[in-house]
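Residue numbers (this note's numbering): 70 to 234. To keep things clear, I will list the structure first and then write my remarks on it.
The structure is reproduced here in structure tokens:
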């Protein structure tokens with residue numbers, strides 16, 4: 070079961086059905102999804118998937134709140150990319166939460182959960198090479214560049230970074 074995590078300013082807690090509108094607002098925002106490297110998908114369908122047994126068993130998924138307001142999403146999961154062997158960190162914030170260091174708090178908390186509670190020796194992240202902010206954030210937290218990955222379907226390139234415990 071996904072635990073609640075807290076940072077200096079944030080609460081990361083498992084989603085409940087009432088969180089759907091915040092999630093949809095985040096995943097319907099093109100300024101957010103352009104960095105996520107995921108196919109266009111109905112955000113409501115994606116949200117409801119988080120409550121299926123498969124996801125509950127294999128993923129830890131959180132909604133992120135600052136002062137009681139929804140500001141983003143985080144997860145740690147077995148990577149769906151066959152080029153990545155292990156668990157992957159994913160995080161996204163609403164634009165109003167950008168530029169204040171919240172991404173660092175989220176990535177540190179979820180990475181710590183992966184290494185601590187889940188006992189992972191490594192946590193991976195795949196990042197659009199043009200996303201300088203996320204690359205800098207992850208490097209600052211100790212993630213190291215490993216290599217560029219090329220998506221076999223669309224040729225898109227992602228940078229693989231890895232945190233080693």
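Heads up, the beta-carbon is just placed ideally off N, CA and C, and yes, glycines get one too. Quick caveat: nothing in here was measured; it's all calculated off a predicted structure.
For residue 228, the uninterrupted beta strand (DSSP E) segment begins and ends at 226 to 233. Spatial neighbours of residue 182 in its own chain (CB-CB distance under 8 angstroms, excluding positions within 5 residues in sequence) are listed in chain order as 72, 74, 129 and 145.
Between residue 114 and the set 96, 101 and 149, the nearest pair of CA atoms involves 96.
Taking all protein chains shown into account, residue 195 has 16 or more neighbouring C-beta atoms within 10 Å of its C-beta and is therefore buried.
Non-local C-beta neighbours of residue 148 in its own chain, meaning closer than 8 angstroms and more than five positions away in sequence, comprise 154, 155, 156, 157, 193 and 195, ordered along the chain. Excluding sequence positions up to five before and after residue 159, its CB lies within less than 6 angstroms of the CB of 144, all in the same chain and listed in chain order. The C-alpha of residue 164 lies about 7 angstroms from the C-alpha of residue 101.
In this structure, the straight-line span from the alpha carbon of residue 230 to that of residue 224 is close to 19 angstroms. Bridge pairing for residue 74: 81 [DSSP].
Under the three-state reduction of DSSP output, residue 219 falls in the strand class. Take the alpha-carbon of residue 70 and the one of residue 191: they are about 21 angstroms apart.
Residue environment for residue 119: buried (at least 16 other C-beta atoms within 10 angstroms of its C-beta). By the Cβ-count criterion, residue 187 is exposed, with fewer than 16 other Cβ atoms from all chains shown falling within 10 Å of its own Cβ.
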